[in-house]
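Counting with my numbering, you get residues 397 to 566 for the letters of the sequence shown.
Worksheet: one structure, shown below.
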Amino acid sequence: MKERISIVTGDITTQETDAIVNAANTSLLGGGGVDGAIHRAAGKQLLEECRTLGGCETGGAKITKGYNLKAKYVIHTVGPVWNGGKYGEREKLAGCYKNSLALAEKHKVKSIAFPSISTGIYRFPIEEACRIALKEIKSFLKNNNIMEKVVIVCFDKNTYEEYEKANYEK
Ligand code: ADP
C-alpha cells in the first residue's frame with residue numbers, strides 16, 4: 397500500500413493527478429495559503445462554481461471542476477482551526493480526509509493530491525496532523541482498489557520531513 401502513497405515537496409496547483417484537494421474555509425469563497433493559490437491557478441470560473449455550493453462544514457468536503465488546472469476536479473475540504481484539541485479538532489481533521497476520499501471514490505478518481513490540511517493558518521500541530529492524514533489515507537486504500545496514487549504535496553521541507561517520519565512509523 398505504501399507504494400500507492402507518495403510524499404513530495406512542491407506546489408499542489410501544478411499536480412497532474414485527477415483531483416487535487418483544497419484546504420478551504422467554510423465559505424468556500426477563497427482565502428489565503430493553498431486556497432488562494434488554487435483559485436488563482438484555476439481561474440474565475442472556480443469561484444463561480446463555489447458560489448453555488450452554499451459553503452461547507454468543518455470536516456466536510458465538496459467537489460467542483462478543475463477549470464484551468466491540470467486536475468479534472470478540485471475537492472474542497474474545510475480543516476479545523478486548532479484551538480488546543482478539546483473541540484473535536486482531531487476528528488474533524490480525520491473527517492476531511494475521509495470525506496474527500498469518499499467523494500473521490502464516488503467520482504472514480506484514480507489519483508489525488510492532498511496539501512497538509514490545517515497545518516498552515518489553522519495551526520494544527522504538524523506531528524499529529526501527519527499521523528491523522530496517513531492513518532485515514534491508509535485505511536481508505538485498504539478498502540479501495542481503484543485509487544492508484546495518493547500524493548501528499550508539502551510546500552516546505554519541514555512539512556515534508558514530518559510526513560516522511562510519520563509514514564515510516566508504522
Ligand atoms: P489551513 O488554513 O488549512 O491551515 P493553509 O493554506 O494555511 O491551510 O496551509 C496548509 C498547508 O498548505 C501549509 O503547509 C502551507 O504551507 C501549504 N501550502 C500553501 N500553499 C501551497 C501550495 N501552493 N501547494 C501546496 N501546499 C501549499
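Beta carbons: idealized from backbone N, C-alpha and C, even for Gly.
The model shown is predicted, which means the values in this text are computed figures rather than measured ones.
Beta-ladder partner(s) of residue i, from DSSP
i: residue 547; result: 402, 509
i: residue 430; result: Looking at the DSSP assignment, residue 430 forms no beta bridge with any residue, so it has no partner.
i: residue 567; result: Given a span of 397 to 566 for the chain in the structure shown, any question on residue 567 remains unanswerable.
i: residue 420; result: 474
Residue i Cβ short of 7 angstroms to the ligand ADP heavy atom set
i: residue 470; result: no
i: residue 496; result: no
i: residue 433; result: yes
i: residue 510; result: no
i: residue 555; result: yes
i: residue 535; result: no
i: residue 548; result: no
i: residue 514; result: yes
i: residue 403; result: no
i: residue 528; result: no
i: residue 409; result: yes
i: residue 415; result: no
i: residue 451; result: no
i: residue 428; result: yes
Through-space distance from residue j to residue i, alpha-carbon basis
i: residue 507; j: residue 541; result: 12 angstroms
i: residue 516; j: residue 476; result: 11 angstroms
i: residue 481; j: residue 532; result: 18 angstroms
i: residue 422; j: residue 522; result: 21 angstroms
i: residue 478; j: residue 454; result: 12 angstroms
i: residue 466; j: residue 442; result: 13 angstroms
i: residue 499; j: residue 399; result: 22 angstroms
i: residue 409; j: residue 446; result: 17 angstroms
i: residue 527; j: residue 464; result: 32 angstroms
i: residue 435; j: residue 458; result: 15 angstroms
i: residue 460; j: residue 544; result: 21 angstroms
i: residue 512; j: residue 485; result: 15 angstroms
i: residue 411; j: residue 437; result: 11 angstroms
i: residue 451; j: residue 424; result: 5 angstroms
i: residue 492; j: residue 414; result: 18 angstroms
i: residue 551; j: residue 518; result: 15 angstroms
Any non-hydrogen atom of the ligand GTP closer than 7 angstroms to residue i Cβ
i: residue 518; result: As for the ligand GTP, it is missing from this structure, which binds only the ligand ADP.
Presumed contact (8 angstroms Cβ cut-off) between residue i and residue j, rounded CB distance
i: residue 429; j: residue 419; result: 7 angstroms
i: residue 432; j: residue 426; result: 6 angstroms
i: residue 525; j: residue 535; result: Between residue 535 and residue 525 the Cβ distance is about 16 angstroms, and since that is not below 8 angstroms, they are no contact.
i: residue 547; j: residue 496; result: Contact doesn't hold; Cβ gap of about 13 angstroms is too wide.
i: residue 562; j: residue 530; result: 5 angstroms
Q. Are the region 397-407 and the region 544-557 in contact at 8 angstroms, needing three or more beta carbon pairs?
A. yes
- Query: So does the region 496-514 actually touch the region 463-476, counting three or more Cβ pairs closer than 8 angstroms?
  - Reply: yes
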